[in-house]
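Numbering (this note's numbering), first residue to last: 120 to 216. All C-beta atoms in this analysis are idealised placements derived from N, C-alpha and C, irrespective of residue type, glycine included.
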Amino acid sequence: MPPWKVIYPKVDFTLSCYSKACTPVSTYRTLYLEHRELFSDYEPIFTDGSKSESHVGSAVVSLSTVITDALPVSASIYTAELHALRIAIEHISLFTR
Numbered sequence: 120m121p122p123w124k125v126i127y128p129k130v131d132f133t134l135s136c137y138s139k140a141c142t143p144v145s146t147y148r149t150l151y152l153e154h155r156e157l158f159s160d161y162e163p164i165f166t167d168g169s170k171s172e173s174h175v176g177s178a179v180v181s182l183s184t185v186i187t188d189a190l191p192v193s194a195s196i197y198t199a200e201l202h203a204l205r206i207a208i209e210h211i212s213l214f215t216r
């Protein structure tokens, strides 16, 4: 597909301006609830990638779905996180065509 035909997702980086080390959990909780209120017509989708010495995996969780996927142990945490985002986008695209 030519780049000019690609529809890029809108990404909200509002929470990224807060330092994780200096921001209390209660602040994140309040900000999250405010964000959810603004987008109450949308279904939240959460992604995560994780890595240990013996496992690497990705997960996508929504109100209606849980998707998990194992990756090769050689995969990085960044690969796991990006893989989770890709799974989420593929999942969303199934319902928005």
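Quick check: what's the CA-CA separation for residue i versus residue j?
i: Gly176; j: Thr198; result: 9 Å
i: Phe132; j: Glu153; result: 14 Å
i: Ser181; j: Pro121; result: 31 Å
i: Asp167; j: Ala178; result: 5 Å
i: Val125; j: Ile164; result: 22 Å
i: Ser138; j: Arg155; result: 20 Å
i: Phe158; j: Leu190; result: 32 Å
i: Ser183; j: Thr149; result: 24 Å
i: Trp123; j: Tyr147; result: 36 Å
Going by C-alpha distance, which of the options is nearest residue i?
i: Ser173; options: Ser212, Val192 and Glu209; result: Val192
i: Leu201; options: Ser135, Ser169 and Lys139; result: Ser169
i: Ile196; options: Thr187, Ile206, Ser171 and His210; result: Ser171
i: Phe214; options: Glu162, Val130, Ala194 and Leu190; result: Glu162
i: Leu134; options: Ala140, Tyr151 and Ser159; result: Tyr151
Kindly indicate which three-state DSSP category residue i falls into: helix, strand or coil?
i: Ile126; result: coil
i: Ser183; result: coil
i: Ser145; result: helix
i: Ser212; result: helix
Any chance the CB of residue i is under 7 Å from a heavy atom of the ligand NAD?
i: His202; result: Judged by which ligands are present, the structure shown has none, so any question about the ligand NAD falls away.
Does the Cβ-Cβ distance between residue i and residue j come in under 8 Å?
i: Ile208; j: Pro128; result: yes
i: Ile206; j: Asp188; result: yes
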